[in-house]
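Colleague: Sharing a structure, written as structure tokens. Questions coming.
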Amino acid sequence: MSSEFVITPVPRPVLPVVGTSALFPVRRAYCIGRNYAAHAREMGGDPTREPPFFFNKAGDALQAIAYGRPERHPYPSMTSNYHHEIEMVVALKSGGVDIPEGEALNHVFGYAVGFDMTRRDLQDEAKNLKRPWEVAKSADASGPVGPIHPVAAVGHVAKGFIRCTVDGVTKQDSDLSHMIWSVSEQIAILSKFYRLEAGDVIFSGTPEGVGRVDRGQRMTGAVEGLGEIVLDVA
Ligand code: MN
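For reference, each letter of the sequence shown is one residue, going 1 to 234 in my numbering.
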């Protein structure tokens, strides 16, 4: 006798893969905090002393963004200070626990450009009140991500520009080589806390220059070799 669902299961969010019609199904989204020294300082941290920390964005808070045309990005409810955080996104094809740093990159399927969009006012409030960050970090559609570039096509991405503009003005402009914790280290450390699985993605941190965007503004996000996504905030 076959099982039935009492409600219709919701399909996983998917991200397109460059150069193929196949799709990457997303399981969890992990994010690292304060992974560029200048951003850690602008958020009031000390990049020389702090071990890495991680938080989650709901996997279904990702918004798949295609190349070639601006896509509408919905301004979320319950904020009046919505911030852009341009980030490189790492997509895993396999996982495990206690993954050695030297083997970590073997689990990477590919890389994409994305944003860890943040209700900064709610994050500041959560910090002040010692409350969790979910309402700040996991708004619906708060993880716009471009198509994934497979490792087979672009290799492993560890350096190159990472940029964000708002209405044509450059707001964030750094280099992936300025990450404090490398992608290998992020995977190794995360796998001590969780069993990583195929379909997990990791937002690898944002450089300095985060700031607000409002309805009616156009954001672009780009990472060298991974293309550019264009978002109209509405
Ligand atoms: Mn972030």
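We treat Cβ as the ideally placed atom computed from N, Cα and C, and that holds for glycine.
Thinking just about the alpha-carbon of each residue, which of Arg69, Tyr75, Pro51 and Leu15 is nearest to the one in Arg212?
Modeller: If we check each option's Cα against that of Arg212, Tyr75 comes out closest.
Colleague: Quick one: Cα of Met78 to Cα of Ser2, how far?
Modeller: If you take the alpha carbons of Met78 and Ser2, they lie about 43 Å apart.
Colleague: On the three-pair Cβ rule with 8 Å, is the region 122 to 138 touching the region 42 to 60?
Modeller: Counting Cβ pairs under 8 Å, three or more are found: they touch.
Colleague: Curious, which full-length beta strand (DSSP E) runs of at least 3 residues does the region 148 to 195 contain?
Modeller: Correct list: 161 to 166 and 169 to 175.
Colleague: Give me the Cα-Cα distance between Gly33 and Phe54, rounded to the nearest whole angstrom.
Modeller: About 6 Å.
Colleague: Taking only heavy atoms of ligand 1 into account, decide whether any of them is closer than 8 Å to the Cβ of Cys164.
Modeller: Checking every heavy atom of ligand 1 against the Cβ of Cys164, none is found closer than 8 Å.
Colleague: Give me the Cβ distance between Val89 and Val201, rounded to the nearest whole Å; I'm assuming they're in contact under 8 Å.
Modeller: 5 Å between Cβ atoms; contact.
Colleague: Of all the beta strand (DSSP E) runs that stay within the bounds of the region 27 to 101, which reach a length of 3 or more residues?
Modeller: Entirely contained in the region 27 to 101, the beta strand (DSSP E) runs reaching 3 residues are, in chain order, 29 to 32, 54 to 57, 62 to 64, 71 to 73, 82 to 84 and 86 to 92.
Colleague: Mind the definition here: the region 94 to 107 touches the region 219 to 228 only if three or more C-beta pairs lie below 8 Å; say whether that holds.
Modeller: These segments do not touch.
Colleague: With distances taken from each beta carbon to the nearest heavy atom of ligand 1, which residues come in below 7 Å, in chain order?
Modeller: Cβ-based neighbours of ligand 1 within the cut-off: Cys31, Gly33, Glu85, Glu87, Asp116, Thr118, Phe203, Gly205 and Thr206.
Colleague: Excluding five sequence neighbours on each side, which residues of the same chain lie with their C-beta closer than 6 Å to the C-beta of Asp173?
Modeller: Contacts found: Arg163.
Colleague: Can you give me the C-alpha to C-alpha distance between Asp167 and Val97, rounded to a whole angstrom?
Modeller: Rounded to the nearest angstrom, the two C-alpha atoms are 43 Å apart.
Colleague: For the candidate residues Arg69, Thr165, Arg218 and Val6, whose alpha-carbon lies nearest to that of Glu208?
Modeller: Among Arg69, Thr165, Arg218 and Val6, the Cα nearest to that of Glu208 belongs to Thr165.
Colleague: Give me whichever residues DSSP pairs with Thr118 in a beta bridge.
Modeller: Paired residues: His83.
Colleague: Output yes or no for whether 9 Å exceeds the beta carbon distance between Leu190 and Tyr36.
Modeller: No, they are not a contact pair.
Colleague: Can you tell me the Cβ-Cβ gap for Pro144 and His73, rounded? I've got them flagged as a contact below 8 Å.
Modeller: Yes, Pro144 and His73 are in contact; Cβ-Cβ is about 6 Å, under 8 Å.
Colleague: Rounded to whole angstroms, how far is the Cβ of Glu101 from the Cβ of Glu50, which I believe are closer than 8 Å?
Modeller: The Cβ separation is near 19 Å, so there is no contact.
Colleague: Thinking C-alpha only, which one of Thr170, Ala141 and Val183 is nearest Ala158?
Modeller: Checking every option, the nearest Cα to that of Ala158 belongs to Val183.
Colleague: Going by CA-CA distance only, name the one from Gln63, Gly227, Val6 and Glu85 that's closest to Ala141.
Modeller: Comparing Cα positions, the closest option is Gln63.
Colleague: Check whether the Cβ of Gly146 sits closer than 8 Å to any heavy atom of ligand 2, and report yes or no.
Modeller: This structure does not include ligand 2; its bound ligands are ligand 1.
Colleague: If contacts are defined as beta-carbon pairs under 8 Å, then Val18 and Ala153 qualify, I think. What distance do you get, rounded to the angstrom?
Modeller: Right, the Cβ-Cβ distance comes to about 7 Å (below 8 Å), so this counts as a contact.
Colleague: Between Met179 and the rest of its own chain, which residues show a CB-CB distance below 7 Å, the 5 nearest in sequence each way excluded?
Modeller: Cβ within range, chain order: Asn35, Tyr36, Ser204 and Gly205.
Colleague: Determine the closest residue to Asp124 out of Asn81, Pro52 and Asp116, with distance taken between C-alpha atoms.
Modeller: Measuring from the Cα of Asp124, the nearest candidate turns out to be Asn81.
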